[in-house]
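Read the structure below first, then the notes.
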Amino acid sequence: MKRLSRRDFLKTAAVAGVGVFTGIAPTVRRVALEPFVRPPEEELPGRATWFASTCRQCPAGCGILVRVINGRARKIEGNPAHPLNRGKLCARGQTGLQVLYNPDRLKNAVRQTGGREPRQFKPIQWTEALDQLVSTLNGLADRSRVAFLGGLVPDHLVALVSSFLKALGAPPPVLFDLHTTLEGRAEAADLARRWFGKPQGQVQGFPLPMYDIARAQVIFSFGANLLETWMSPVSQSYDYGLMRQGQAGGRGFLAQFEPRLSMTAASADKWIPVEPGTEGLIALGLGRIIVEDNLGHVGSHRDHAYLYRNVSVSDIAQASGVSIETLRKLANVFADADRSVAIPGGYLAGLSNGAQTMDTVMALNVVMRRLGREGGVFLPHQVPAEQFTSSASISPFSEAQSLIERMKAGQVDVLFIHSTNPVYELPGWAGFVEALDKVRLVVSFSSFMDETAIWADLVLPDHTYLEGWGYQGVSPGADRPAVSGQQPVVRPLYDTRSTADVVLALAARLGGQVAQALPWSDEVAFLEQSSTQLLGTSSGIYDARTPDGFWSRWRQHGGWWTEKPLRDEPEVSGMPTGPLQVSPAAFVGDPQQYPFHLALYPSLALTDGRGANQPWLQEMPDPMTTGRWNTWVELNPVTARSLGVHDNDVVKVISPQGELEAAVVVYPGIRPDAVAIPVGQGHSDYGRFAERRGSNPLSLVAPLLGQAPGLPLQWAATRVRVEGTGRRQELARLESLDGAGREKLR
Amino acid sequence: MSRRRVLIIALIALALLGGGAYIRINRTSLASAAPVQPIPFNHRVHAQAGVQCLFCHSSALRSDVAGLPSMQKCMGCHQTIAADREPVKTLTDYWQRQEPIHWQPVNTMPDFVFFSHQPHLGAGLGCEGCHGNVGQMDIARQPVNMDMGWCLDCHLKQPSEKAARLVDCLLCHK
Amino acid sequence: MAQDVKSSAEASPRWAMVVDLDRCTGCQACVIACHAENNIPVVGEEQAAYGRWMHWIIIQRYWEGEYPNVKARLMPVMCQQCTQAPCEPVCPVFATYHNPEGLNAQIYNRCIGTRFCGSACPYKVRTFNWFEPEFPAPLTEQLNPDVTVRSRGIMEKCTFCIQRIRRAEMDVKAEGRQLADGQVQPACVQTCPPSALVFGDLNDPNSQASQLARSHRSFRLLDELGTDPAVIYLKGGETNVPG
Amino acid sequence: MSQADPARASAPSEYGERLLLEARQDADINQAVLQPMLQTGRGFWVLVTILGALVAWGLYAWGYLVYWGIGASGKNRPVYWTLFITTFVFWVGISHAGTMISAVLRLLKADWRRPITRGAEAMTAFALMMAGLYPLIHLGRVWKFYWMIPYPNNRLMWPNFQSPLMWDMVAIFTYLIGSTLYLYLALIPDMAMARDYTGGWRYRLYRALALGWRGTEGEWHKLHRALGIFSVAIIPIFLSVHSIVSWDFAVTIQPRWHSTIFAPYFVVGAIYSGLSALASILVLVRRGMRLQEFLRAEHFNALGRLVMIAGMAWTYFWFAGFLVEWYGNEPVTRELIRQEVAGHLAPLFYLQMSANLIPVGLLAFKKVRTTPVLLLAATLLVNVGMFTERALIVIGSLQRNDMPFNWGTYHTTWVEVSIVVMTFAGFALLYALFSRIVPYVPVWEIKEGRLRYSMRRIGRLLVPTAAEIE
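Protein chains in written order, with the working numbering: chain A, 1 to 746; chain B, 1001 to 1174; chain C, 2001 to 2243; chain D, 3001 to 3470.
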């Protein structure tokens, strides 16, 4: 940006003096003042109004308060009354303003003219767009050939879309995105269902387990980056603070098991860099030691001894690289504490033995009777209204794959895409782009021209979350049932339209069964009606006599939650019948040819890449490497030495699937046999701040051959090799490389 | 000859000093002329009709800015009162188009000054203390050059225990 | 005597920040909160790589030890609001000075950009507007109207969110009350997810900040320089202990 | 040298030099000084054009800097001060030689100073002018520079006299005014002389500048008294200026700057570099203006000796500082010393040391001191060394501080270099133009010196004698 204008300066050198003098003029703004035509209630010019809403920067659903002055959103803060984040907010949540005020937002609906290749987008009127949709849908011989692919879709929209698709006779929406993949959300729900689900219970949408971090004395986290992006990082960080300094019994102990020292591991008391894929073995070994030595104060372990029947601790020590003494010590620490908890993290889901590993971790809690106990494992209590209990769950990767298969087979004629960017978020071999080719009409509701939106025939931008309505069930972390409400804090900036309204309008135009299924005049009517399902619930923080009153309290509080903490104690219904098994993790790539494990991790700032168009997040230093604005490759100092590369040397990382180049960060906190790369950069389209910046490491992720169908995306199961390129590239670090390693200056 | 030169130099110096002193004493000389408004709103007529400042600029008591009356408020009276006058007709046109009027600001502060009406009114200051007798102006204009010296004039006159705080730079610059 | 102390304490607070390193996770929420609250521009990749970033608060990360017993210590560093501030006497135009509440004031519109304060500051927490800041429209809409947007050639730094302090003071005065402990919160303190940052008045012995400052864990950064900072750190625990 | 002069053949050569131009008439001397001034060759105009172009380019770079912001120079955090302050210190240092030569040697009645005082004083004035630009150039908002000037204003704002930058400003302005007046006072009789020998615009100029000087005894008396007072008065100023410049650094707690020895160390360094610059300039001007007759080996010899002594003193002070820093073993200083000795600052450090120490050795030889080319080489080397020394102090030290996370590096930019070159070119340009407008050699001082000496025959010996003139 700057460079261009400097060139201009060279041209206009003669008037440089004049330009200088423009700097001298006092900076008095002579802008016209606009009065309100009709003053909104409770709006005082020049005075901040705070609106309670819900953050949509990640799936957690934190409550926010937005400071609005003169109709402009100025700042986002956590809602202190909200049970999830309790007034706190992470970096991403606060950057929500830059979604709203992003200079690269779509300002109106557009239609792609001239096929999908040339990317010629022409503005289109909303009525015209709706006409086109209606006529396409009406023209369909088989309405089941409509599909909806969503990612971070607010729950109310999922509810509406589900009804819409059901009424059409189409399959339910597929909700899949990279963020939830990296945090293993679907797999965590699976885990909870396996252990605690009723045999005839819901197939989908089982509540996620919660871990009481605030009151735990000892936490063993197996790859759960609970302070960064996993589940509800703000809530978990809040609890972490309490765990550290807020407990009567002294400081809690946190041990982190993962190959790379994440920010969470940096805050942990102990980081155990396990061999990737052996996390389950370690949990197994710990359990075996506990059961064998009858550790802890929970009486006899005889009932659970069968779980660890065939376990050899020495074999485990050998396989995982963690010594027997360490295992024993850890087992003692875990068992001796009154309140200990083991947390299976999202990283495990990326391994081929992920489900087994998560089982063994959960078994530790079961063995130590940590279910439903303070500082242990809980299940969230359901919100007492059906509307909010049937709320969305994340689809496993297999459903996304089967959608792609259907698309490829030409079985999908109309595809709606909302708040997910599969072209960027899925590895190339998933074949999403090729599959899109077979779909007659692709409709994106993206606010930005991202990698997927450019393939759409119609882009019908939704409001950003600060302009739109909605509600969202909160992620685990709140100590009570809660629904977080979302409401517009500013008037929509541009000619965008709420996707819920588009769906309702479509339904009305299609008529018949569809219109009957979706009888609401608009989104707000639907929300109002939904909210009043809770009217008369005595446990809430508020109640009202009329639906109107309830709806206004709902908006005032930013949702609904109970007055008192309320969590469910999980009951084990799916106890394994035989010994726990952890099969060796499978990896793609010959260890001789590809000597390193590829450890991807979601960037704290950009998560799965959706933060990349927000300049604050781009400039936000990664806490561990302090890198910004680009992709980097983390190498252990020993590895770097053996490869003959240093900080800022560009290396090529080659996997059986692909390759990328990025600057090296010599990183003391990673196993020598692993390389770590943050996810989030490498956008080809996504606005000026994201484009042509770094590389997308998903291009390295290889498909695990012979993987059983239904397995999650094996994003942690690729091996790579690293080659120097001889080039250098200065990574924008916060840290001074000159001072690196000089901590002991004083 | 050299004496004449000395005299000339002395005269120039005197003129500069005198000019400075004049400006210092009589700030009105630097105050800007009334900006051209989309509607020639007449403050005097409204004041004579007994409309209080705070009736229209109602935020002043509670907010940083005094605020402009919403057009709804204008129309509250002008639906009936003086509806045949030319300026009011223009107003009605705006109202019918539901279009806000683009008023030109009269009293301005540089961006780097934080000013709030509320504490000034809270301290018992009247509007005319700073804005002059707007009730006597047809078209509102800034009566004084509101520079830092002008602010300090008043802040320094406050009781000493308050003045220390009132002349802290951080009070208005942040 | 005690009466005197009390009244003078009421007259002028001594604002201080307590940073509990045991709670700090390094999550950078404070950094972004500060950007949002104080209209801090982003500088872009090239400038950031050259060390011209403008965060008022940064989280410094120091490595200790070697793999696998490696420790990363995370430490938020912002302007320490020194009582004996090295930056203050060197400014030729009083753009930076000590205000009655013990804050290091930085008056942007007085600054002429000698950068002497930046050279004198031992913590290097002052940032300079090397170029005119850019806020591509409509990002301008998010700017906080209570805070000046600085132009090129001006030094800036953490102010303890003076605009929030003043706003709170104004509000309680309008309501005829006194400031309560915790009523003023800089943006970073407000947002800090693990509550590692605590802000308060050291002249009030009962404020949470005062109580924490008396902790046996407390220390101050480069204390040996005698700058007497108003930012008090609480030592963190030993992380990644060997064995 | 004027060995060829038959009238002087009888006198031993070492005395001959003192009996300057004995055989020439005053009018001849006048002409000898005025001729090179009045006759300008093509080479001169080529030089002026080149220098003018460099200055113009530098001004453009300055405009660019002001328009875009200080970021156009290579500064960053924590290296807030770079080449501008380095060059500022350098020019202030250069400015010291003029007073040193002129005032100190005048008080000491060192007669060899006579032909070179004007050149030295002019150097002081112009170097200070160049130095004075930098505090402006380096300001982030140069258009607000006047806030550093104390003037009554309705905002009741005053500059901060606690700040060394204010001391700097006061000291530099005082020194600039003082040295300009000093230069001008000594110029008055020569202006009168030039007035009497020229016509046209020069005549009008010189008439105005001569202030009606007629050369009466009363006028001479007053001039001598004035010069005497100035010589005494300006010495504390000249000591204070570079001390204050050093305090810009020493009053901070930046490691390596925070040093008690900085003031004398800077003053000595300033004298070292200033005298060297003077020697270089004299060699160049002598050739350019063909003043071989006036600027002779004895002057170079004496000047060379002074440079050598200053160099020894500088070495001593440097060593005294370095030793204490080394033994102090303060962490940041230790790191800086390590960088200097074997790190990224090593090239600069060794350049500084060799360029400052080798000339001291070289100048020990009379052959070097009296051979203009060799002297030029040695003294230029000194200034390369001294510039590097300042760069190391300013830029080198700022790269390290108490928090290793905040360490930094620095790369210069074309803008910065252009502006630095601009002041060098500007200095040369002013000097070149000055030498065409003002008699480069103070004629009256030479004549006065001649009056002081005579050869007396005592028996068979020819003995030079000197008279007290006051």
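Yeah, the Cβ is synthetic: ideal placement off N, Cα and C, and Gly gets one too.
Chain C has a Cβ within less than 7 Å of the Cβ of residue 1173 (chain B). CA-CA distance, residue 130 (chain A) to residue 644 (chain A), rounds to 59 Å. Where residue 3166 (chain D) is concerned, the enclosing alpha helix (DSSP H) starts and stops at 3164-3197. For residue 1067 (chain B), the C-beta contacts it makes with chain A under 7 Å involve 45 and 46, in order along the chain. Under the three-state reduction of DSSP output, residue 715 (chain A) falls in the coil class, being neither helix nor strand. Remark: C-beta atoms of residue 385 (chain A) and residue 533 (chain A) approach each other more closely than 7 Å. The beta carbon of residue 36 (chain A) falls within 7 Å of a beta carbon belonging to chain B, placing the residue at that interface. Contact of residue 3158 (chain D) with chain A is not assigned, every C-beta pair being separated by 7 Å or more. Assignment of residue 2104 (chain C) by DSSP, reduced to helix, strand and coil, places it in the strand class.
Residue 242 (chain A) and residue 224 (chain A) do not touch by the CB rule: their CB atoms are close to 17 Å apart, not below 8 Å.
At a cut-off of 7 Å, the C-beta of residue 736 (chain A) has a neighbouring C-beta in chain D. With 16 or more other Cβ atoms from the protein chains shown falling within 10 Å of its own Cβ, residue 514 (chain A) counts as buried. Against chain D, a Cβ distance below 8 Å from residue 1152 (chain B) picks out 3154, 3155 and 3156. The residues 2232 and 2234, in chain order, have a CB closer than 6 Å to that of residue 2218 (chain C) in the same chain once the five nearest residues on each side in sequence are set aside. Here the C-alpha atom of residue 3366 (chain D) lies approximately 48 Å from the C-alpha atom of residue 3077 (chain D). In terms of beta-carbon proximity, residue 3347 (chain D) stays away from the interface with chain A, with every pair separated by 7 Å or more. Between the alpha carbons of residue 354 (chain A) and residue 305 (chain A) lies a distance of about 23 Å. In the DSSP assignment, residue 3440 (chain D) falls outside any beta strand (DSSP E), carrying neither H nor E.
The closest CA to that of residue 3452 (chain D), considering only D:3057, D:3398, D:3102 and D:3111, is found on D:3111. The three-state secondary structure of residue 622 (chain A), taken from DSSP, is coil. Along the segment 1128-1151 of chain B, the positions whose C-beta sits under 8 Å from a C-beta of chain D are 1147, 1148, 1149 and 1150, read in chain order. Proximity of chain C to residue 3136 (chain D) at the Cβ level (cut-off 8 Å) is not reached, the minimal Cβ distance being about 10 Å.
Pairwise C-beta distances place the segment 468-477 of chain A in contact with the segment 139-156 of chain A, as three or more of them are shorter than 8 Å.
As DSSP reads the structure, residue 361 (chain A) sits in no beta bridge. Taking C-alpha positions only, residue 456 (chain A) is separated from residue 462 (chain A) by approximately 14 Å.
Looking at the DSSP output, residue 678 (chain A) sits in a beta bridge with A:601.
Contact annotation: in the segment 2024-2036 of chain C, residues whose CB is within less than 9 Å of a CB in chain A are 2024, 2025, 2026, 2027, 2028, 2029, 2030, 2031, 2032, 2033, 2035 and 2036.
By the beta-carbon neighbour count (other beta carbons within 10 angstroms, threshold 16), residue 1159 (chain B) is exposed. Counting along the chain, the unbroken beta strand (DSSP E) around residue 49 (chain A) starts and ends at 49-54. In the same chain as residue 3268 (chain D), and ignoring 5 residues on each side of it, the C-beta atoms closer than 7 Å to its own belong to 3310, 3313, 3314 and 3317, in chain order. Under DSSP, residue 2234 (chain C) forms a beta bridge with C:2020 and C:2218. Excluding residues up to 5 positions away in sequence, 1087, 1090, 1091 and 1101 lie with their Cβ nearer than 7 Å to the Cβ of residue 1039 (chain B) in the same chain. Taking a Cβ-Cβ cut-off of 9 Å, the neighbours of residue 2163 (chain C) in chain B comprise 1114 and 1174, given in sequence order. For residue 3084 (chain D) against residue 3138 (chain D), the beta-carbon gap comes to about 4 Å, under 8 Å, which counts as contact. With the criterion set as a beta carbon lying under 9 Å from some beta carbon of chain A, the members of the segment 2190-2208 of chain C are 2190, 2191, 2192, 2193, 2194, 2195 and 2196, in sequence order. Between residue 2015 (chain C) and residue 2032 (chain C), the alpha-carbon positions lie close to 22 Å from each other.
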